[in-house]
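Student: Same order as they appear, the protein sequences are chains C and U.
Residues in the first sequence are numbered consecutively from 0, following numbering that gives the first Met the number 0.
Residues in the second sequence are numbered consecutively from 0, following numbering that gives the first Met the number 0.
Protein chains: 2
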Amino acid sequence: MQALDAKDLGRALCIITGASRGFGRTTALQISELVKPKSVLVLAARNAEALQTLQAELAASKAGKAGVIVEYVVADLGVKEGVESVVKAVKLHSSEDFDHLILVNNAGSLGALRYAKTLTDMAEVTSYMAFNLSSAVCLTAGVLEAFPRREGLRRTVVNVSSRCALEPFQSWGLYCSGKAARDMMFKVLAVESPDLRVVNYSPGPLDTGMQLEARTLTEDDSLRNTFADMFSKGKLLTCEASCAKLTTLLLKDEYTSGAHVDFYDV
Amino acid sequence: MQALDAKDLGRALCIITGASRGFGRTTALQISELVKPKSVLVLAARNAEALQTLQAELAASKAGKAGVIVEYVVADLGVKEGVESVVKAVKLHSSEDFDHLILVNNAGSLGALRYAKTLTDMAEVTSYMAFNLSSAVCLTAGVLEAFPRREGLRRTVVNVSSRCALEPFQSWGLYCSGKAARDMMFKVLAVESPDLRVVNYSPGPLDTGMQLEARTLTEDDSLRNTFADMFSKGKLLTCEASCAKLTTLLLKDEYTSGAHVDFYDV
Numbered sequence: 000m001q002a003l004d005a006k007d008l009g010r011a012l013c014i015i016t017g018a019s020r021g022f023g024r025t026t027a028l029q030i031s032e033l034v035k036p037k038s039v040l041v042l043a044a045r046n047a048e049a050l051q052t053l054q055a056e057l058a059a060s061k062a063g064k065a066g067v068i069v070e071y072v073v074a075d076l077g078v079k080e081g082v083e084s085v086v087k088a089v090k091l092h093s094s095e096d097f098d099h100l101i102l103v104n105n106a107g108s109l110g111a112l113r114y115a116k117t118l119t120d121m122a123e124v125t126s127y128m129a130f131n132l133s134s135a136v137c138l139t140a141g142v143l144e145a146f147p148r149r150e151g152l153r154r155t156v157v158n159v160s161s162r163c164a165l166e167p168f169q170s171w172g173l174y175c176s177g178k179a180a181r182d183m184m185f186k187v188l189a190v191e192s193p194d195l196r197v198v199n200y201s202p203g204p205l206d207t208g209m210q211l212e213a214r215t216l217t218e219d220d221s222l223r224n225t226f227a228d229m230f231s232k233g234k235l236l237t238c239e240a241s242c243a244k245l246t247t248l249l250l251k252d253e254y255t256s257g258a259h260v261d262f263y264d265v
Numbered sequence: 000m001q002a003l004d005a006k007d008l009g010r011a012l013c014i015i016t017g018a019s020r021g022f023g024r025t026t027a028l029q030i031s032e033l034v035k036p037k038s039v040l041v042l043a044a045r046n047a048e049a050l051q052t053l054q055a056e057l058a059a060s061k062a063g064k065a066g067v068i069v070e071y072v073v074a075d076l077g078v079k080e081g082v083e084s085v086v087k088a089v090k091l092h093s094s095e096d097f098d099h100l101i102l103v104n105n106a107g108s109l110g111a112l113r114y115a116k117t118l119t120d121m122a123e124v125t126s127y128m129a130f131n132l133s134s135a136v137c138l139t140a141g142v143l144e145a146f147p148r149r150e151g152l153r154r155t156v157v158n159v160s161s162r163c164a165l166e167p168f169q170s171w172g173l174y175c176s177g178k179a180a181r182d183m184m185f186k187v188l189a190v191e192s193p194d195l196r197v198v199n200y201s202p203g204p205l206d207t208g209m210q211l212e213a214r215t216l217t218e219d220d221s222l223r224n225t226f227a228d229m230f231s232k233g234k235l236l237t238c239e240a241s242c243a244k245l246t247t248l249l250l251k252d253e254y255t256s257g258a259h260v261d262f263y264d265v
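(1) So who's on the other strand from U/Val-156, going by DSSP bridges?
(2) I want to know whether the region 204–218 of chain C touches the region 155–165 of chain U - three or more CB-CB distances under 8 Å.
(3) Quick one: Cα of C/Gly-203 to Cα of U/Thr-25, how far?
(4) Looking at the structure shown, is C/Glu-218 part of a helix, part of a strand, or coil, going by DSSP?
(5) Does C/Leu-102 come within less than 9 Å of chain U when only Cβ atoms are used?
(6) Under 7 Å between beta-carbons, which chain C residues line up against U/Leu-118? List them in chain order, please.
(7) Is it true that the CB of C/Ala-27 sits closer than 9 Å to the CB of C/Leu-42?
(8) Would the region 187–196 of chain C count as touching the region 180–197 of chain U if we require 3 or more Cβ pairs under 8 Å?
(9) Once the 5 residues before and after C/Leu-152 are set aside, which same chain residues still bring their CB inside 8 Å of it?
(10) Please name the residue in U/Leu-248, U/Ile-14 and U/Ala-5 whose C-alpha comes closest to that of U/Val-85.
(11) Based on Cα-Cα distance, which residue from C/Leu-112, C/Met-121 and C/Val-78 lies nearest to C/Leu-138?
(12) Helix, strand or coil: which one does DSSP assign to U/Leu-76?
(13) Using a Cβ-Cβ cutoff of less than 7 Å, which residues in the same chain neighbour U/Lys-35 once the five nearest sequence positions on both sides are dropped?
(14) Can you list, in chain order, the residues of the region 181–194 of chain U whose Cβ is nearer than 9 Å to any Cβ on chain C?
(15) Express the C-alpha separation of C/Trp-171 and U/Leu-143 in angstroms, rounding to a whole number.
(16) If C/Ala-88 and C/Gly-81 are in contact, beta carbons under 8 Å, what's the gap, nearest whole angstrom?
(17) Starting from U/Ala-122, find everything on chain C with Cβ-Cβ shorter than 7 Å and list it in chain order.
(18) Does the region 47–55 of chain C come within contact of the region 102–117 of chain C, defined as at least 3 CB pairs closer than 8 Å?
(19) Within 10 angstroms of its Cβ, does U/Lys-232 collect 16 or more other Cβ (buried), or is it exposed?
(20) Classify C/Gly-66: buried if its beta carbon has 16 or more other beta carbons within 10 angstroms, exposed otherwise.
(21) Pull up the CB-CB distance for C/Val-156 and C/Leu-188, whole angstroms please, since I reckon it's below 8 Å.
(22) Report the partner residues of C/Cys-13 according to the DSSP bridge assignment.
(23) Tell me the DSSP secondary structure of U/Ala-189 in three-state form.
(24) Take C/Asp-4 and list the residues in its own chain whose beta-carbon comes closer than 6 Å to its own, dropping the five residues that flank it on each side.
(25) Count the other C-beta atoms from every protein chain shown that fall within 10 angstroms of the C-beta of C/Gly-177, then say buried if there are 16 or more, exposed otherwise.
(26) For a test of the three-state rule: what should DSSP assign to U/Leu-132, helix, strand or coil?
(27) What does DSSP give as the partner residue(s) for U/Asp-261 in the beta ladder?
(28) With H, G and I counted as helix, E and B as strand and the rest as coil, what does DSSP make of U/Lys-64?
(29) Hey, quick one: how far does the alpha helix (DSSP H) through U/Ala-310 stretch, first residue to last?
(30) Can you say whether C/Lys-234 is buried or exposed, counting buried as having 16 or more other CB atoms within 10 angstroms of its CB?
(31) So is C/Phe-226 in contact with chain U if we call contact Cβ pairs under 9 Å?
(32) Do U/Val-265 and U/Thr-247 count as a contact pair if the criterion is CB distance below 9 Å?
(33) Tell me the rounded alpha-carbon separation between C/Ser-201 and U/Gly-63.
(34) Just verifying my parser: in three-state terms, what is the DSSP assignment at C/Tyr-114?
(35) May I have the straight-line CA-CA distance separating C/Glu-218 from C/Leu-112, to the nearest angstrom?
(36) Would you please verify whether the beta carbon of C/Gly-17 is less than 9 Å from any beta carbon of chain U?
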């Protein structure tokens with residue numbers, strides 16, 4: 000696992016979910032600069048237009064001109080057809096000679112930001128978990144199946160996590176539970192498969208559309224005000240700064256597989 | 000919260016899921032002996048015959064003769080109709096003058112005991128979470144809605160948890176994730192509603208049908224052998240011994256709400 004030059008991530012096949020905006024988009028841009036020519040980025044999200052724009056931007060970039068290929072898959076990861084379409088796109092590359100498989104499970108949603116005692120609707124809870132847990136689990140399994148263990152192939156799985164995986168936040172029951180479940184599943188994967196490199200990366204409070212939801216829709220007054228305060232005082236992080244820490248983690252490749260690594264700890 | 004006599008749990012309405020066997024059944028038996036006459040036990044499970052038998056056993060017991068009423072609901076908690084039927088049965092008692100509402104979210108399943116890298120089927124993961132997370136969340140919300148905060152009403156919510164909520168076990172990805180998600184949801188509930196008493200109780204390795212599954216179906220050889228070894232060396236706990244610690248917790252009522260409390264820590 001120490002064989003690669005820490006200056007780049009190798010000739011990689013890199014799959015990023017939720018790539019159309021926010022942290023996922025930034026991850027696509029930053030990783031494109033760290034992979035070797037003939038690397039392939041497979042970007043998945045629901046928004047076709049945003050993915051097209053990102054593809055064009057990457058094609059025109061230094062990385063694109065150097066031969067990094069960018070594909071995208073328009074998919075709703077809340078349903079199995081969406082996950083299957085991403086796996087299908089990945090499988091088309093399974094005979095290629097990559098030296099690094101990178102899967103960034105970034106897609107996620109806040110869900111209802113209401114108190115747990117109001118969560119009476121099973122369909123709401125279950126569909127939240129389908130998108131926020133099942134899709135990441137099944138995409139990971141599908142991608143690993145398409146690229147089984149092979150000499151010379153490094154395989155890295157990133158779960159974009161949150162402090163909410165570790166700590167309860169008022170009126171954020173769905174998000175906290177979903178992130179706790181994801182962290183645990185990727186911890187299990189890490190102990191099961193020591194040949195994989197698995198990291199639960201908590202990117203910190205990012206200045207994204209999700210934070211706008213957080214500071215406007217959170218039912219709990221105190222927590223909502225905390226988010227509004229962080230925004231107005233300029234305390235939110237840029238996706239660029241946070242993603243730079245993630246890419247540093249991946250380049251150094253020294254984290255304990257399965258660990259929860261927070262932006263503030265790197 | 001300290002008003003009750005620690006010798007009993009008061010005149011209680013007590014709902015127990017997964018009550019037909021194992022830990023849930025033992026909980027029904029033990030709690031019946033700790034509640035005052037005119038208390039009501041609502042027992043939920045899929046197996047009608049086993050519930051009938053338990054009801055008859057309780058009716059003939061000292062508690063039953065002293066006036067503890069036992070009802071049961073045959074319900075599949077993996078689907079919303081099942082959860083709704085339990086909530087409906089609970090609501091029939093909403094005008095009664097209980098001084099303690101006790102909900103024991105015990106129902107649960109191990110799910111596929113396979114490695115995470117084989118979990119490619121979204122329906123499998125999602126239906127696992129529906130039964131093991133959504134049902135507990137929505138039943139809790141429904142029951143709390145039927146019995147809102149009221150002077151003189153103590154409200155206790157038990158989540159039957161597991162060490163798997165805290166620690167990854169090989170080939171137990173579903174179970175570990177589900178338990179992690181549940182623990183987190185009940186932690187959130189506890190911080191949101193300081194008037195509730197919420198405990199994530201980890202009952203230890205119990206000598207139940209679930210352990211038989213564990214020692215025969217676990218994909219990981221090492222973990223499967225560990226379970227088989229615990230069984231053959233008589234290291235599994237009886238449901239009675241573990242449940243006695245839970246009831247002691249409830250009687251003393253000194254735990255931190257939202258805490259994860261392990262059998263071995265009590």
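Backbone N, C-alpha and C define an ideal beta-carbon position, used for all residues, glycine too.
Tutor: Reading off the structure:
(1) Beta-bridge pairing links U/Val-156 to U/Leu-102 and U/Val-197.
(2) no
(3) 44 Å
(4) In the three-state reduction of the DSSP assignment, C/Glu-218 falls in the coil class, being assigned neither a helical nor a strand state.
(5) no
(6) Val-136, Cys-137 and Ala-140
(7) Taking 9 Å as the Cβ cut-off, C/Leu-42 and C/Ala-27 qualify as a contacting pair.
(8) no
(9) Phe-97, Asp-98, His-99, Leu-100 and Phe-146
(10) U/Ile-14
(11) From the listed residues C/Leu-112, C/Met-121 and C/Val-78, the smallest Cα separation to C/Leu-138 is found for C/Val-78.
(12) coil
(13) Asp-7, Gly-9 and Arg-10
(14) Arg-181, Asp-182, Met-183, Met-184, Phe-185, Lys-186, Val-187, Leu-188, Ala-189, Val-190, Glu-191 and Ser-192
(15) 18 Å
(16) Actually they do not touch by this definition, with Cβ atoms about 11 Å apart.
(17) Lys-79
(18) no
(19) exposed
(20) exposed
(21) Rounded to the nearest angstrom, the Cβ distance from C/Val-156 to C/Leu-188 is 7 Å, consistent with a contact under 8 Å.
(22) C/Leu-40 and C/Ile-101
(23) DSSP places U/Ala-189 in helix when its eight states are reduced to three.
(24) Low confidence applies here, because C/Asp-4 scores a pLDDT of 49, under 50, leaving its location unreliable; read the following figure in that light. Closer than 6 Å at the Cβ level, and outside the excluded window around C/Asp-4, lies no residue.
(25) buried
(26) helix
(27) U/Ser-201
(28) helix
(29) Nothing about residue 310 of chain U can be read from this structure; chain U reaches only from 0 to 265.
(30) exposed
(31) By this cut-off, C/Phe-226 is not an interface position.
(32) U/Thr-247 places its beta carbon less than 9 Å from that of U/Val-265.
(33) 53 Å
(34) coil
(35) 6 Å
(36) no
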